[in-house]
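No gaps in the numbering here: position 14 of the sequence shown is 127 in my numbering, and each next residue is one more.
All C-beta atoms, glycine included, are put in the ideal place defined by N, C-alpha and C.
Single-structure report; data block below.
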Amino acid sequence: MMRPHCKSNLNGVATIIGKIGLFFFCCYLCGVGTRSIYQEDATGNHLESVRRRCITNAGVFSRQLTIVVVLVRGTSPLAVTLSLAFAMKKMMNDKALVRHLAVCETMGSRHNHLR
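Have a look at this one:
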């Protein structure tokens with residue numbers, strides 16, 4: 114079964130946005146982890162320092178995981194919006210002005226699938 118051209122474009126844009134978000138998540142997590150490893154406790158109490166670092170890292174990881182979950186869920190509407198904007202710009206350059214777009218049905222179908 115062939116997929117509509119717009120739907121394949123949407124999947125491509127959503128995949129790219131998701132990969133960019135995941136890349137920045139990994140970079141941030143590596144940076145915070147490295148800082149935590151090399152950070153020294155001012156009091157010299159090694160055990161207490163390790164406990165504090167674990168709690169801090171757990172908090173940072175949970176915040177970053179929340180950002181990734183929101184990013185993945187929000188990628189689909191963003192991809193739809195970007196694809197529609199590019200398609201409209203291309204149609205205006207081609208002087209192909211229409212009143213009703215079949216692409217609107219794609220947005221409605223996406224909305225029904227996510228419920």
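DSSP three-state assignment for residue i, whether helix, strand or coil
i	result
A200	helix
A127	helix
T132	The sequence as given places Lys at residue 132; Thr does not occur at that position. DSSP places K132 in helix when its eight states are reduced to three.
A171	helix
Cβ-Cβ distance between residue i and residue j below 8 Å
i	j	result
Q177	F136	no
V173	V145	yes
Residue environment, residue i, which counts as buried when at least 16 other CB atoms sit within 10 Å
i	result
A127	buried
S175	exposed
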